[in-house]
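Step one of this worksheet: look at the structure below.
2 protein chains.
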Amino acid sequence: MITIYTIFSAMRFSHQRETIRKIVNSTNSHPTADWVFSRAKRSIPKISLGTVYRNLKRLEKTGDLRTIYDGSIARYDWNTKPHDHLKCKECGDLMDVHLLDEGIRSDVKKKYKFAVDDVKMTIIGTCQKHK
Amino acid sequence: MITIYTIFSAMRFSHQRETIRKIVNSTNSHPTADWVFSRAKRSIPKISLGTVYRNLKRLEKTGDLRTIYDGSIARYDWNTKPHDHLKCKECGDLMDVHLLDEGIRSDVKKKYKFAVDDVKMTIIGTCQKHK
DNA sequence: AGTATATATAGTAATCATTCCTATTATTAT
DNA sequence: ATAATAATAGGAATGATTACTATATATACT
């Protein structure tokens with residue numbers, strides 16, 4: 004007797020992935036994989052770092068989060084809407100801001116015949132805490 | 004007899020550093036350290052990768068080049084004047100452009116009381132080669 | 001509810017970019 | 001030419017990320 008199952012891989016529920024999603028959703032601090040890992044261990048002590056990376060990547064693919072790079076290090080952001088970042092060189096904080104880049108988009112399209120998907124802007128400087 | 008030399012370390016000439024500087028200056032391709040290394044080996048076969056990294060870092064400090072990050076990978080750019088990048092997701096090319104971000108600078112300063120040092124903007128999309 | 005099948009995991013090894021270490025070499029002030 | 005020390009080559013160490021594999025778990029079908 005032959006049983007045919009679905010050929011294409013479906014995404015299964017996973018307790019680990021849900022935990023990771025919740026952790027990323029719960030903070031505005033743009034956490035690193037390692038921070039998510041240490042947080043996840045509180046509720047799933049045996050979770051492995053590989054699982055965290057695999058699921059962060061998966062969640063990005065499904066549009067549940069976006070990856071941003073702070074220098075060479077990857078950080079994860081639940082906010083998938085277009086926005087920019089202010090990075091304070093004093094405290095290292097990365098703050099979300101929304102600057103109008105619609106002008107930039109159309110400008111680039113006209114001037115350089117470049118079809119824009121995404122504008123990644125990080126502004127480096129000093130935040131108001133350091134005066 | 005006691006001889007007193009300069010206390011503070013002065014930068015010495017180095018054939019390797021000059022070669023590295025020339026290589027970075029010679030291209031608009033925003034090369035990686037590894038690319039610079041393989042180029043440098045043509046004229047200095049025994050040059051080591053550590054020397055390349057050390058000098059790229061040094062040249063950044065002296066303002067001879069700037070480091071940009073393409074995702075998590077460091078690339079080096081001889082153009083130290085403020086400018087932005089268009090990254091084509093089809094061919095991976097990184098193109099220099101100058102978009103007016105003066106408005107953004109003053110906007111950020113007013114709205115968020117954030118002292119701006121540098122605006123890092125990369126626009127992801129598709130360049131005119133792919134139509 | 002029970003079983004079959006495949007996806008997801010934990011744990012660990014491997015990879016890749018980058019930095020660090022150290023004995024030797026090269027630059028430069030004298 | 002010499003002394004002092006900055007810079008190098010070569011290799012080891014690090015840190016983030018990915019790959020591998022045997023086991024555990026979710027789920028489609030009975």
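Chains as they are written, first to last, in our numbering: chain A, 4 to 134; chain B, 4 to 134. No residue lacks a Cβ here, since even glycine has one placed at the ideal position from N, Cα and C.
- Each of A:T70, A:K25, A:S51, A:T65 was checked against the Cα of A:A13, and the nearest Cα belongs to A:T65.
- With a contact defined as Cβ atoms closer than 8 Å, A:K84 and A:I126 miss out at about 18 Å.
- For the segment 97 to 109 of chain B, the set of residues with a beta-carbon nearer than 9 Å to any beta-carbon of chain A comprises M98, V100, L102, L103, D104, G106, I107, R108, in chain order.
- Judged by DSSP in its simplified three-state form, A:I26 adopts helix.
- Short of 7 Å from the beta carbon of B:K123, and not among the five residues preceding or following it, lies no beta carbon of its own chain.
- Under the three-state reduction of DSSP, A:D37 is assigned to helix.
- Around A:N28, the same chain offers W81 as residues with beta carbons nearer than 7 Å, after the five sequence neighbours per side are excluded.
- Taking the Cα positions, B:K114 is about 19 Å away from A:E93.
- The alpha-carbon of A:I23 is positioned some 36 Å away from that of B:Y56.
- Counting only residues of its own chain and dropping the five nearest sequence neighbours on each side, A:E63 has a CB closer than 7 Å to the CB of R69, T70.
- Setting aside the 5 residues that flank it on each side, A:D104 is surrounded in the same chain by V122, each with a C-beta closer than 6 Å to its C-beta; the list follows chain order.
- Bridge partners of B:Y115 according to DSSP: none are assigned.
- One Cα belongs to B:N58, the other to B:Y72, and the distance between them is close to 18 Å.
- Per DSSP, A:L97 lies in no alpha helix (DSSP H); the unbroken beta strand (DSSP E) holding it starts and ends at 97 to 100.
- When rounded, the separation of the alpha-carbon atoms in A:F40 and B:A118 is 33 Å.
- Scanning chain A for C-beta atoms nearer than 9 Å to the C-beta of B:D120 yields K92, I126, I127, G128, T129, reported in chain order.
- Secondary structure at B:R42: helix, using DSSP grouped into helix, strand and coil.
- Under the Cβ criterion of 9 Å, A:A77 is counted among the residues facing chain B.
- B:I26 and B:H88 have their C-alpha atoms roughly 20 Å apart.
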